[in-house]
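When the count follows numbering that gives the first Met the number 0, it moves up by one through the sequence shown with no breaks and lands on 176 for the last residue. Glycine is no exception: its CB is placed at the ideal position from the N, C-alpha and C atoms.
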Amino acid sequence: MKHLISPALFALVLAACGQSETAEPVEAAPAPVEAAVPVAEAAGEVTEAVSDAATTAISALSEGEYCYFLQEDSSTEGLEITLDIAGVFSGRHYGTIHDAENAYFASFETTLSDGQLNDEGVVNFTAVTEVDGDTQYGEEPWVISAEGAYSAHWDDAVMEPADCDFVDATVWPPIPE
């Protein structure tokens, strides 16, 4: 299964390489529960509502830590999310891009903070992304449930729930001494 790197992350990767790209809107991935699919606009606003089932699935999460994993041909990614007692989401989305065909390899880490669940069932985060020494600030919309998670910028990938230790060791394995 392939997914598109979020337009912001793609532009950041290209900017780190000294290139620029204007991203077109990308339809979001199918939800892990039966739901209408939100569509991300270039400004990052979700214009179609996620169904009540998706909103219920997200709001049914209890306080705690949730981890998700995605392995694809050109990327290995992890998502660690914490939901605090006040209902605020935070965490990080991180991974490696290994695009051997284009001889491009990079790691990225996005710190996600102040995540608020909106009426459409999307958690909107304040995001700080670091790729190849470049830092970008913005917002990232995510759909998160016990069954899976995906960025509203992706077209067809859903990160699967996974053990947090497994995710961290697999995405960024320790370097042998």
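Contacts around residue i, its chain only, beta-carbon distance under 8 Å, and the 5 residues preceding and following it disregarded
i	result
Ser-61	Leu-82
Val-122	Ile-57, Phe-88, Gly-114, Gln-115, Leu-116, Pro-140, Trp-141, Val-142 and Ile-143
Val-170	Phe-68, Thr-75, Glu-76, Gly-77, Tyr-93, Gly-94 and Thr-95
Ala-59	Ser-144 and Ala-145
Residue i, DSSP secondary structure in three states
i	result
Asp-154	coil
Thr-76	Correcting the residue type first, residue 76 is Glu in the shown sequence and not Thr. Strand at Glu-76.
Asp-162	coil
Asp-167	helix
Asn-101	helix
Asn-117	coil
Gly-94	strand
Glu-176	coil
Glu-108	strand
Own chain residues within Cβ distance below 6 Å of residue i, not counting five before or after
i	result
Phe-124	Leu-111, Gly-114 and Glu-139
Phe-165	none
Asp-98	Ser-73
Phe-104	His-97
Thr-95	Thr-75 and Ser-106
Val-127	Thr-110 and Tyr-136
Beta-carbon proximity list for residue i, same chain, < 7 Å, skipping 5 on both sides
i	result
Cys-163	Glu-64, Cys-66 and Glu-79
Arg-91	Glu-79, Glu-108, Thr-109, Thr-110 and Leu-111
Beta-carbon separation (whole angstroms), residue i vs residue j, contact threshold 8 Å
i	j	result
Phe-107	Glu-129	7 Å
Ala-148	Met-158	5 Å
Continuous beta strand (DSSP E) stretch holding residue i: start and end
i	result
Leu-60	Counting along the chain, Leu-60 falls outside any beta strand (DSSP E), and DSSP gives it neither H nor E.
Val-87	No beta strand (DSSP E) contains Val-87, which DSSP labels as neither H nor E.
Pro-140	133-144
Glu-129	122-130
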